[in-house]
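Using our numbering, the letters of the sequence shown map in sequence onto residues 56 to 546.
The structure under discussion appears below in the form of structure tokens.
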Amino acid sequence: MGIVDRFRGLLTREKAAPALVPVSSPRMGTGWFPLVTEPYAGAWQQGVTSERAENVTGYSTVYACLSRIAKDIGKLPFTLRELDANGLWRTTTNPAYSPVLRKPNSYQTAAQFRESWILSKLQHGNTYVLKRRDARGVVDGLFILDPTKVKVLVSDTGDVFYELSVDNLNHISENGRIIVPQREMIHDREVTLYHPLIGVPPLLAAYWPAAKNQRINRTGAEFFGNHAQPGGILTAPAGMSEEDAKKLQTFWQQNYSGSNAGKVGVIGADLKYQAFANTAADSQLVEQLKYSDEQVCHAFGVPPYKIGIGQIPTGLKVGDVSQLYYQDALQARIESMEDCLDHGLGLGDALGVELNLEPLLRMDAQQQAEIEGALVKNGIKAPNEARRRFGLAPLEGGDSVYLQQQNFSLQALARRDQSADPFGTGGSKDAGPLLTRGQANYIQKVMEGRDPKMRARFNNATQRWETLAGSGEWNPASWRWTPEHEARWAA
Numbered sequence: 056m057g058i059v060d061r062f063r064g065l066l067t068r069e070k071a072a073p074a075l076v077p078v079s080s081p082r083m084g085t086g087w088f089p090l091v092t093e094p095y096a097g098a099w100q101q102g103v104t105s106e107r108a109e110n111v112t113g114y115s116t117v118y119a120c121l122s123r124i125a126k127d128i129g130k131l132p133f134t135l136r137e138l139d140a141n142g143l144w145r146t147t148t149n150p151a152y153s154p155v156l157r158k159p160n161s162y163q164t165a166a167q168f169r170e171s172w173i174l175s176k177l178q179h180g181n182t183y184v185l186k187r188r189d190a191r192g193v194v195d196g197l198f199i200l201d202p203t204k205v206k207v208l209v210s211d212t213g214d215v216f217y218e219l220s221v222d223n224l225n226h227i228s229e230n231g232r233i234i235v236p237q238r239e240m241i242h243d244r245e246v247t248l249y250h251p252l253i254g255v256p257p258l259l260a261a262y263w264p265a266a267k268n269q270r271i272n273r274t275g276a277e278f279f280g281n282h283a284q285p286g287g288i289l290t291a292p293a294g295m296s297e298e299d300a301k302k303l304q305t306f307w308q309q310n311y312s313g314s315n316a317g318k319v320g321v322i323g324a325d326l327k328y329q330a331f332a333n334t335a336a337d338s339q340l341v342e343q344l345k346y347s348d349e350q351v352c353h354a355f356g357v358p359p360y361k362i363g364i365g366q367i368p369t370g371l372k373v374g375d376v377s378q379l380y381y382q383d384a385l386q387a388r389i390e391s392m393e394d395c396l397d398h399g400l401g402l403g404d405a406l407g408v409e410l411n412l413e414p415l416l417r418m419d420a421q422q423q424a425e426i427e428g429a430l431v432k433n434g435i436k437a438p439n440e441a442r443r444r445f446g447l448a449p450l451e452g453g454d455s456v457y458l459q460q461q462n463f464s465l466q467a468l469a470r471r472d473q474s475a476d477p478f479g480t481g482g483s484k485d486a487g488p489l490l491t492r493g494q495a496n497y498i499q500k501v502m503e504g505r506d507p508k509m510r511a512r513f514n515n516a517t518q519r520w521e522t523l524a525g526s527g528e529w530n531p532a533s534w535r536w537t538p539e540h541e542a543r544w545a546a
């Protein structure tokens, strides 16, 4: 059963149309695009067209911004997250939601789906996604619609509907139109400057800078198509009749312009040729191009150096550059996509869709090793968690968090300071008797006599003997000065 058949019983054209009012939109691209637009009559036959929104997308800087944002978000995979008993979000799978996130529809991969989503927002300000449900009512397909074939309608009661035109690719094949309720659509939008249901694309703000640079490039192409020979005028100091002037103009255009540009013209009567085209320096061509390109980048939120304009600011590391780009151009659009999918799929409060940012903010191996090592050393991560980031298998005992013993809580330090002998000087009332040098030498000879390689010492602070281990550390021994030792030493 097609999408149209599922909606046919929900809402009919006759019942819905009288109560629905279309939302007016000042954005570019509303409704059907006209087939031909001309700046003046006959311009289309001459190859001259006006710069429209869909035309400026072919300008290199606009295309670079669109491609950069769409591809960077497209490479971030969907992950389904679940809230566990500890209030932490963990990656999970769900048979009702994981398949549609892995393969949204039959003709797009998940990466292509995300790219189409973002491109629709950047170019038209709105992304319309039609849901397809299975027999259980679970969403099993998501289809991004052509925004020029979707119209937002609002009823007298404030309910929102969407009028969809014919789109065979997305299974909308009914003649005329079909109206679907808001619950069957996912509507993501850019900044809503004029109406809360209509987003305004950044392409609107980038239109004039891009159109200006397109005209500069077109003029340059025409100039070099004329063999870099600018237009000019022929002057005759003695003057000439109007008829002679027209003949001379026709002769000059036929023989020394277009494909004949660059040929040597020989004309008498002291005629002089004077070019009247401005030079690139006079028109500040390079500065104009650079300024307009920066304005285009500003509209999309893309730092110019990310698309090859200008230099990376001094003092910034690679990680800082990626972080700035993420905050300015990607973060809001990524979070908006996540929110729309959470609401559109009906995930509730315990489940959520997130885009994995690791492919975007991936660090080099050395920096990643330093950070993961610090997290393990400071007791924030277990060793196996850090090993998983490098694709390494877990080790036995690596699931526990490790911390060196010299770290004590402030409460423990406070109790130590309140004790009778906080620094272990052996001066407390409960401390055992201190050994004389002779007694210590006696015990040391006894211990070392059992093993010539053994080295022993007496720690007055702990009243215990210590032996030197092979690792170079002094470890407590089982020896104490007892009355039996006192008797033997006295004897």
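A virtual CB, placed ideally from N, CA and C, is assigned to each residue, including glycine.
Keep in mind the model is a prediction, meaning the values are calculated, not measured.
How about His-250 and Asn-181: do their beta carbons lie closer than 8 Å?
For this step, residue 250 is matched to residue 195 along the sequence shown. For this step, residue 181 is matched to residue 126 along the sequence shown. Taking 8 Å as the Cβ cut-off, His-250 and Asn-181 do not qualify as a contacting pair.
Query raised in the report: Under the three-state reduction of DSSP, which class applies to Met-392: helix, strand or coil?
Result: As a position in the sequence shown, residue 392 is number 337, starting the count at 1. Here Met-392 sits in helix by DSSP.
Review point. To the nearest angstrom, how far is it from the Cα of Asn-530 to the Cα of Asn-514?
Key: Within the sequence shown, the letter at position 475 stands for residue 530. Within the sequence shown, the letter at position 459 stands for residue 514. Spanning the two alpha carbons is a distance of roughly 11 Å.
Would you report the Cα separation of Glu-528 and Gln-459, rounded to the nearest angstrom?
-> Here the question's residue 528 lines up with position 473 in the sequence shown. Here the question's residue 459 lines up with position 404 in the sequence shown. Distance between the alpha carbons of Glu-528 and Gln-459 is about 16 Å.
Exercise. Assign Leu-340 to one of three DSSP states: helix, strand, or coil.
Key: Your numbering for residue 340 matches position 285 in the sequence shown. The answer is helix: DSSP assigns Leu-340 an H, G or I state.
message: Short of 7 Å in beta carbon distance, which residues of its chain neighbour Glu-409, apart from the five on each side in sequence? Order them along the chain.
response: In the sequence shown, residue 409 corresponds to position 354, counting from 1. Short of 7 Å from the beta carbon of Glu-409, and not among the five residues preceding or following it, lie these beta carbons of its own chain, in chain order: Thr-134, Arg-136, Glu-393.
| task | Please classify Ile-233: is it buried, with 16 or more other beta-carbons within 10 angstroms of its beta-carbon, or exposed? | result | Along the sequence shown, read from residue 1 onward, the residue named residue 233 stands at position 178. Buried is the call here.
### Message
Extract the residue ranges of the beta strand (DSSP E) inside the stretch 101-168, only unbroken runs of 3 or more that lie entirely within it.
### Response
133-138, 144-147
**Item:** Start and end residues, alpha helix (DSSP H) containing Val-431
**Value:** Within the sequence shown, residue 431 is the residue found at index 376, counting from 1. Residues 420-432.
What whole-angstrom Cβ distance do Val-207 and Ile-253 have, given they're in contact under 8 Å?
Translated into positions along the sequence shown, residue 207 becomes position 152. Translated into positions along the sequence shown, residue 253 becomes position 198. Their Cβ separation, rounded to whole angstroms, is 7 Å, which keeps Val-207 and Ile-253 in contact under 8 Å.
- Query: Between Asn-110 and Pro-449, what straight-line distance do the alpha-carbon atoms span, to the nearest angstrom?
  - Reply: Start at 1 with the first residue of the sequence shown, and residue 110 comes out as number 55. Start at 1 with the first residue of the sequence shown, and residue 449 comes out as number 394. Asn-110 and Pro-449: Cα-Cα distance of roughly 54 Å.
Check: On the premise that Leu-131 lies in contact with Leu-174, defined as a C-beta separation below 8 Å, what is that separation, rounded to the nearest angstrom?
Finding: For the purposes of this step, residue 174 is identified with residue 119 of the sequence shown, where counting begins at 1. For the purposes of this step, residue 131 is identified with residue 76 of the sequence shown, where counting begins at 1. The pair is not a contact, with the Cβ atoms about 15 Å apart (cut-off 8 Å).
Enumerate in chain order the residues of its own chain whose CB-to-CB distance from Thr-274 is below 6 Å, with the five nearest sequence positions on each side excluded. Taking the sequence shown and counting its residues from 1, the one referred to as residue 274 is at position 219. Nothing meets the Cβ criterion.
Tell me which same chain residues have a C-beta within less than 6 Å of the C-beta of Val-184, skipping the five on either side of it? Reading the sequence shown from its first residue, position 129 is the one you call residue 184. These residues qualify, in order along the chain: Leu-197, Ile-199, Ile-241.
- Item | Endpoints, alpha helix (DSSP H) assigned at Val-373 | One-based indexing of the sequence shown puts residue 373 at position 318. Run containing Val-373: 373-380, per the alpha helix (DSSP H) assignment.
Ile-253 - DSSP class collapsed to helix/strand/coil:
Counting from 1 along the sequence shown, the entry for residue 253 is found at position 198. Strand, per DSSP.
Report all residues from its chain with a CB closer than 7 Å to the CB of Gly-356; omit the five preceding and five following residues, and keep chain order. Residue numbering aside, residue 356 sits at position 301 when the sequence shown is read from its first letter. Asp-383, Ala-384.
Practice item. Kindly indicate the opening and closing residues of the alpha helix (DSSP H) around Asn-223. Key: Taking the first residue of the sequence shown as 1, we reach residue 223 at position 168. Asn-223 -> no alpha helix (DSSP H), and no H or E assigned at all.
Exercise for the section: For Glu-170, name the three-state secondary structure that DSSP assigns. Expected result: Indexing the sequence shown from 1 puts residue 170 at position 115. The answer is helix: DSSP assigns Glu-170 an H, G or I state.
Along the chain, where does the alpha helix (DSSP H) that runs through Asp-472 open and close? To locate residue 472, count along the sequence shown from 1; it is residue 417. From DSSP, the alpha helix (DSSP H) with Asp-472 extends over 465-472.
Nearest-angstrom Cα distance between Asn-127 and Asn-462?
-> In the sequence shown, the residue the question calls residue 127 occupies position 72. In the sequence shown, the residue the question calls residue 462 occupies position 407. The residue you asked about is not Asn; residue 127 is Asp in the sequence shown. One C-alpha to the other measures close to 43 Å.
| query | Under a Cβ-count criterion, where at least 16 other Cβ atoms within 10 Å of its own Cβ denotes burial, should Leu-465 be classed as buried or exposed? | reply | Indexing the sequence shown from 1 puts residue 465 at position 410. Counting C-beta atoms within 10 angstroms of its own C-beta, Leu-465 has fewer than 16 neighbours from the protein chains shown and is therefore classed as exposed.
Q: Assuming Pro-154 and Asp-195 form a contact by the criterion Cβ under 8 Å, report the distance between their Cβ atoms to the nearest whole angstrom.
A: As a first step, residue 154 is located in the sequence shown; it is residue number 99 there, counting from the start. As a first step, residue 195 is located in the sequence shown; it is residue number 140 there, counting from the start. At roughly 7 Å, the Cβ-Cβ gap stays under 8 Å, so Pro-154 and Asp-195 are in contact.
Point to revise | Neighbour-count burial assignment, Ala-265, 16 or more Cβ in a 10 Å radius | key: What you label residue 265 is simply residue 210 of the sequence shown in a count that begins at 1. Buried is the label assigned to Ala-265, since at least 16 other Cβ atoms lie within 10 Å of its Cβ.
Taking buried to mean at least 16 other C-beta atoms within 10 Å of its own C-beta, is Glu-298 buried or exposed? As a working mapping, residue 298 is identified with position 243 in the sequence shown. Glu-298 comes out exposed.
Check: What do you get for Gly-84, buried or exposed, if any count of 16 or more other CB atoms within 10 angstroms of its CB means buried?
Finding: By one-based count along the sequence shown, residue 84 stands at place 29. Any reading at Gly-84 is ruled out, since the residue's pLDDT is 42, under 50, leaving its predicted position unreliable.
| request: Check Phe-445 in the structure and name its three-state DSSP category. | output: Residue 445 sits at position 390 when you count from the first residue of the sequence shown. The three-state secondary structure of Phe-445, taken from DSSP, is coil.
- prompt: Looking at Pro-257 and Ala-354, is the spacing between their C-beta atoms short of 8 Å?
  reply: Here residue 354 refers to the residue found at position 299 when the sequence shown is read from its first residue. Here residue 257 refers to the residue found at position 202 when the sequence shown is read from its first residue. Cβ distance < 8 Å, so Ala-354 and Pro-257 count as in contact.
(request) Sort out for me which residues DSSP pairs Thr-182 with in a bridge. (result) To locate residue 182, count along the sequence shown from 1; it is residue 127. Answer is Asp-243, bridged to Thr-182.
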